[in-house]
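Numbering-wise, the sequence shown is residues 1 to 885 according to UniProt numbering. For every residue, glycine included, the Cβ atom is placed at its ideal position computed from N, Cα and C. Owing to the predicted nature of the structure, the values given are computational and were not obtained by experimental measurement.
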Amino acid sequence: MNIFWKLTGRTMKANRVRTTASIVGVILSSAMFVAVTTMCVSTLSYLKESYIWSYGNYHVSRSGLTQEEYEEMTRDRRVSEFASSRTLGFAEIENENDDKPYLEIDAVDNAFLESMPVHLTRGRLPENSQELLLPDHLTTRGGVTVEIGQTMDLQVGQRISGGQVLYGENPYEEGELLKDTEAYRFTVVGTYEWPSFEEFDSAGYISLTMEDSDLPAGDSRNAWILLKNPRKDLGSFLADYEEFGVISSINNSLLAIEGASQYTNYNMILYGMGGILILLIMLGSVSMIYSAFSISVSDRTRQFGLLSSAGASRKQLRKCVRQEALLVSAAGIPAGIVCGLAGIWITLQAVQEQFRSLTASQLSIQMKVEPLAIGIAAAVAFLTVWISAWVPSKRAMRVTAIEAIRQNQDIRTQGRPVHISGVMLRLFGLEGLLAKKYFRRSKKKYRATIISMALSVMIFIASAAYGTALSSVFEREIYVHEADLVYSYGSEAKMEQLNAWLRQEPQVEKTAWSRWDNFFIGKDENYVEEQYYLDNGMEVLDDGDGCWVAGVCYMDEETYREVVRENRLDESVFLDTDNPPAILVNYGRTLNYGEGNSRSMVEYKYVREGTDHLTVVERKNLPDGIPEAEQDEWISYMLWEETTGRWMMNYENINSGEQRQEPAATHEIAVGALIDDLPLGADSGALIYPMSACPESLKEETTGNISITVKDYQEALRSLDQYLEEHNMGKGDGYISDLYKQEQDSRNIVAMLEVFSIGFTVLMTLITAVNVFHTISTSLTLRRRDFAMLRSVGMTPREMNRMLNYECLIYGVKCLIYGVPLGVLMACLIQMVLMQADLQTVTIAWQIYPAAVFLVWILVWLSTCYARARLRRHSLIEDLKNDNI
Numbered sequence: 001m002n003i004f005w006k007l008t009g010r011t012m013k014a015n016r017v018r019t020t021a022s023i024v025g026v027i028l029s030s031a032m033f034v035a036v037t038t039m040c041v042s043t044l045s046y047l048k049e050s051y052i053w054s055y056g057n058y059h060v061s062r063s064g065l066t067q068e069e070y071e072e073m074t075r076d077r078r079v080s081e082f083a084s085s086r087t088l089g090f091a092e093i094e095n096e097n098d099d100k101p102y103l104e105i106d107a108v109d110n111a112f113l114e115s116m117p118v119h120l121t122r123g124r125l126p127e128n129s130q131e132l133l134l135p136d137h138l139t140t141r142g143g144v145t146v147e148i149g150q151t152m153d154l155q156v157g158q159r160i161s162g163g164q165v166l167y168g169e170n171p172y173e174e175g176e177l178l179k180d181t182e183a184y185r186f187t188v189v190g191t192y193e194w195p196s197f198e199e200f201d202s203a204g205y206i207s208l209t210m211e212d213s214d215l216p217a218g219d220s221r222n223a224w225i226l227l228k229n230p231r232k233d234l235g236s237f238l239a240d241y242e243e244f245g246v247i248s249s250i251n252n253s254l255l256a257i258e259g260a261s262q263y264t265n266y267n268m269i270l271y272g273m274g275g276i277l278i279l280l281i282m283l284g285s286v287s288m289i290y291s292a293f294s295i296s297v298s299d300r301t302r303q304f305g306l307l308s309s310a311g312a313s314r315k316q317l318r319k320c321v322r323q324e325a326l327l328v329s330a331a332g333i334p335a336g337i338v339c340g341l342a343g344i345w346i347t348l349q350a351v352q353e354q355f356r357s358l359t360a361s362q363l364s365i366q367m368k369v370e371p372l373a374i375g376i377a378a379a380v381a382f383l384t385v386w387i388s389a390w391v392p393s394k395r396a397m398r399v400t401a402i403e404a405i406r407q408n409q410d411i412r413t414q415g416r417p418v419h420i421s422g423v424m425l426r427l428f429g430l431e432g433l434l435a436k437k438y439f440r441r442s443k444k445k446y447r448a449t450i451i452s453m454a455l456s457v458m459i460f461i462a463s464a465a466y467g468t469a470l471s472s473v474f475e476r477e478i479y480v481h482e483a484d485l486v487y488s489y490g491s492e493a494k495m496e497q498l499n500a501w502l503r504q505e506p507q508v509e510k511t512a513w514s515r516w517d518n519f520f521i522g523k524d525e526n527y528v529e530e531q532y533y534l535d536n537g538m539e540v541l542d543d544g545d546g547c548w549v550a551g552v553c554y555m556d557e558e559t560y561r562e563v564v565r566e567n568r569l570d571e572s573v574f575l576d577t578d579n580p581p582a583i584l585v586n587y588g589r590t591l592n593y594g595e596g597n598s599r600s601m602v603e604y605k606y607v608r609e610g611t612d613h614l615t616v617v618e619r620k621n622l623p624d625g626i627p628e629a630e631q632d633e634w635i636s637y638m639l640w641e642e643t644t645g646r647w648m649m650n651y652e653n654i655n656s657g658e659q660r661q662e663p664a665a666t667h668e669i670a671v672g673a674l675i676d677d678l679p680l681g682a683d684s685g686a687l688i689y690p691m692s693a694c695p696e697s698l699k700e701e702t703t704g705n706i707s708i709t710v711k712d713y714q715e716a717l718r719s720l721d722q723y724l725e726e727h728n729m730g731k732g733d734g735y736i737s738d739l740y741k742q743e744q745d746s747r748n749i750v751a752m753l754e755v756f757s758i759g760f761t762v763l764m765t766l767i768t769a770v771n772v773f774h775t776i777s778t779s780l781t782l783r784r785r786d787f788a789m790l791r792s793v794g795m796t797p798r799e800m801n802r803m804l805n806y807e808c809l810i811y812g813v814k815c816l817i818y819g820v821p822l823g824v825l826m827a828c829l830i831q832m833v834l835m836q837a838d839l840q841t842v843t844i845a846w847q848i849y850p851a852a853v854f855l856v857w858i859l860v861w862l863s864t865c866y867a868r869a870r871l872r873r874h875s876l877i878e879d880l881k882n883d884n885i
């Protein structure tokens, strides 16, 4: 073995504290990089698999393609995989859901069954065109019981209404007919879950059979296409086939995860925030490893001086440094990678059930090890170790052997005396003065410690800001309803019973029973926000003047009382009156599709602050005196007439061209309060009243609906289904809108981002804490000889504590002076990235700054206490004798 290898090994063994500090720094750095990147990869992989499970593995779909168009598209070199489906027609089936009177028979290929969300609940998949797979909600919602192996004889035809062909996505229309029917016989081979490709309000239950040569050739088919490189080819592919068929859907969720969203601002968020994440991780790695090496720079410089005086060349010294870096890396990097992977595996195992409960799929989040991330982590750690070890050798090359041995290059004396303020002198005494003098004379020794601590503070602030900003962006971009379930029924008495039962059900968190009407609110520039007209889909009429349609929500008395109390409104005004004023939900949001293929959620107000009344325009659909036989020939629209300053009803006969005009009646309603929080059962822009104010005519027209939030979705839905079945309120007359299921993926994103945000912040906080603790305790431990000298000349433990307390103060103040501004700059950088993405300003929680200050002082104090306790256990004589630590 080379003599320098032996010397390096012996030196590292002799200086165990320094060596351990270096290896621990490398382990923590490598573990952090591997843990964060593996967590990101695992979460994105799980999110992608969940989306594929729910929506299918495709990027874009086209419907209504001719056979020639289908073949041309699927032969495109940019296409990786494709699936095919076509609708054979519709067959009537008696069931308890009047809005779905048909089976929609779709012929699909094997690729469709593999790539689309077809999840069996019973039986097996069809294998030929004589076998049929039915959706299970035909039984659960339609009340139709079909056994496996049962034969069904169906008359399959096309839906026609008013001479127009209706397709699967078109809701059922009264009076529509089935034309051109053909007889089909199918054998039922299984059932599958309600698929995402069946529209919620479609007229048919989508049933699947296999495409084969026994089926008649169809006029059109649908294609579900997966691209090889969607980032590069999505835009050009859509442009090239713009005239082919009709674009059915773009799987934006899958594209966004793959970094290929058609919305450029989403890609900007992905790459910009991803770059900041990598920057934070690398800064954490560099600060931790560099501090571990730089703390002992003076001792190592002395060693290089001794070797140089004994005849060692600069090349040999550099080789010695490389050997030490290699040994530290060999010990720390593999251990760090293993620790990082083990930590993430344990974390994912602990939260696996929570992740599974967030999605309707049966998938579990699994740890995905990305070899590239492991390789980058090892390379970054090794490069940082190499640089950190190379710095002291570079310094040693610039000084003579005598200077290196004496180490006087680390000591800088100044002619002017050292002073501390009177307050500090009274608090810390002569020991404080001594600490400040030591700090001034040995700035280079302190510098590495303070830089490391300042970077730690910056990383803590930036990581907290990163997590907060990321969560706030996606929470604003994703709209999730307040209610989990909404139930509608035709009997008021049974609705009252159901509402009372729901309030007692343990799995139900909250309910709200509401009836709805509409008011046409006249635009008045004195109190209606102009932003509403620009951003929201209001009814814009001549020259931008007109009305906006406001929903009028009549709530049950108990829910209305909760709204009044939660918003701290005057109960004497809103509760104890026969004519209560309206409560306006003065908050709205809508997706805005801007220039450059950008998409963002826009928030707005409906009215200006201080609005106390609104003008209701009473819209009439027909002029007076129109015979019943001619009523279908007239259309109506409303205009604001500047000359008279009134809204006018305009009527036109579409056959004769005759026109009439008459003033629209108006009346004012009082607005008692404007609120921003959306109550359960209400909607944005709604005017809220108690149920007692509901007109009798509206009560006769509708029983309204009950909005429900649940504690346990599955249990609550099961209990509700059971109650409805026992009280004959299911299937036919009653209807459950399962908003929770519809929005499951949106909820999944929000919940997983919260988990990632909290986990990332906690991880970076732990890294920061360990780095500060490790840096200070090691720095103090390396000064054992200095402290032993002071003790040998009579410094008492109490005086030593006062000196160390003053050093704590210096550490804390200095690292905050540099660390907090750096953290603010990183937070501003995060905001700039999000604002460049055409999003609204993201507010960073200012609570993180006092939290950073508190964390620094606690960690500095604990680190000093720990080092102080270790120093007490050391022998004074041994510390004075020993150069090796």
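Beta-carbon contacts of residue i that lie in its chain and below 8 Å, excluding the five residues immediately before and after
{"i": "Cys553", "result": "Ser514, Arg515, Trp516, Gly681, Ala682, Asp683, Ala686, Leu687, Ile688, Tyr689"}
{"i": "Thr559", "result": "Thr511, Ala512, Trp513, Ser514, Pro679, Leu680, Gly681"}
Separation of residue j from residue i, as counted between CA atoms
{"i": "Ser63", "j": "Pro850", "result": "57 Å"}
{"i": "Tyr365", "j": "Ala462", "result": "Contrary to the premise, residue 365 reads as Ile rather than Tyr in this sequence. Distance between the alpha carbons of Ile365 and Ala462 is about 27 Å."}
{"i": "Arg872", "j": "Val457", "result": "30 Å"}
{"i": "Trp9", "j": "Met32", "result": "Just to set this straight, residue 9 is Gly in the shown sequence, not Trp. About 27 Å."}
{"i": "Tyr606", "j": "Gly588", "result": "7 Å"}
{"i": "Tyr723", "j": "Asn110", "result": "40 Å"}
{"i": "Ala203", "j": "Pro171", "result": "5 Å"}
{"i": "Ser85", "j": "Leu208", "result": "9 Å"}
{"i": "Asp214", "j": "Glu242", "result": "32 Å"}
{"i": "Thr577", "j": "Glu668", "result": "18 Å"}
{"i": "Ser656", "j": "Thr702", "result": "37 Å"}
{"i": "Lys699", "j": "Ala217", "result": "52 Å"}
{"i": "Ile387", "j": "Ile289", "result": "10 Å"}
Same chain only: Cβ atoms within 7 Å of residue i, ignoring 5 sequence neighbours per side
{"i": "Asn705", "result": "Val486, Tyr487, Ser488, Ser514"}
{"i": "Ile654", "result": "Glu633, Ile635"}
{"i": "Gly175", "result": "Ser161"}
{"i": "Ser777", "result": "Ser863, Tyr866, Ala867"}
{"i": "Asp484", "result": "Ile708, Thr709, Val710, Tyr713, Leu739, Tyr740"}
{"i": "Met12", "result": "Thr19, Glu324, Leu327"}
{"i": "Gly812", "result": "Val856, Trp857, Val860"}
Distance between beta carbons of residue j and residue i, contact taken as under 8 Å
{"i": "Gly672", "j": "Val573", "result": "6 Å"}
{"i": "Gly143", "j": "Glu96", "result": "4 Å"}
{"i": "Ala373", "j": "Val34", "result": "7 Å"}
{"i": "Leu227", "j": "Arg78", "result": "6 Å"}
{"i": "Leu125", "j": "Leu113", "result": "6 Å"}
{"i": "Asp136", "j": "Tyr192", "result": "7 Å"}
{"i": "Met649", "j": "Glu662", "result": "5 Å"}
{"i": "Thr38", "j": "Val369", "result": "6 Å"}
{"i": "Leu674", "j": "Glu609", "result": "7 Å"}
{"i": "Arg141", "j": "Phe90", "result": "In fact, because the Cβ distance is near 18 Å, the residues do not count as touching under 8 Å."}
{"i": "Ala665", "j": "Met638", "result": "12 Å between Cβ atoms; not a contact."}
{"i": "Phe244", "j": "Met73", "result": "6 Å"}
{"i": "Val321", "j": "Ala379", "result": "Wrong, their Cβ atoms sit about 19 Å apart, outside the cutoff."}
Buried or exposed by the 16-neighbour rule on C-beta atoms within 10 Å, applied to residue i
{"i": "Gln303", "result": "buried"}
{"i": "His59", "result": "buried"}
{"i": "Met210", "result": "buried"}
{"i": "Asn15", "result": "buried"}
{"i": "Ala788", "result": "buried"}
Nonlocal neighbours in the same chain, by C-beta distance under 6 Å from residue i, ignoring five residues either side
{"i": "Ala493", "result": "none"}
{"i": "Val189", "result": "Gly123, Arg124, Pro126, Glu131"}
Residue ranges of each alpha helix (DSSP H) run of no fewer than 4 residues wholly in the region 43 to 98, ordered along the chain? Taken in chain order, the complete alpha helix (DSSP H) segments of 4 residues or longer contained in the region 43 to 98 are 67 to 74.
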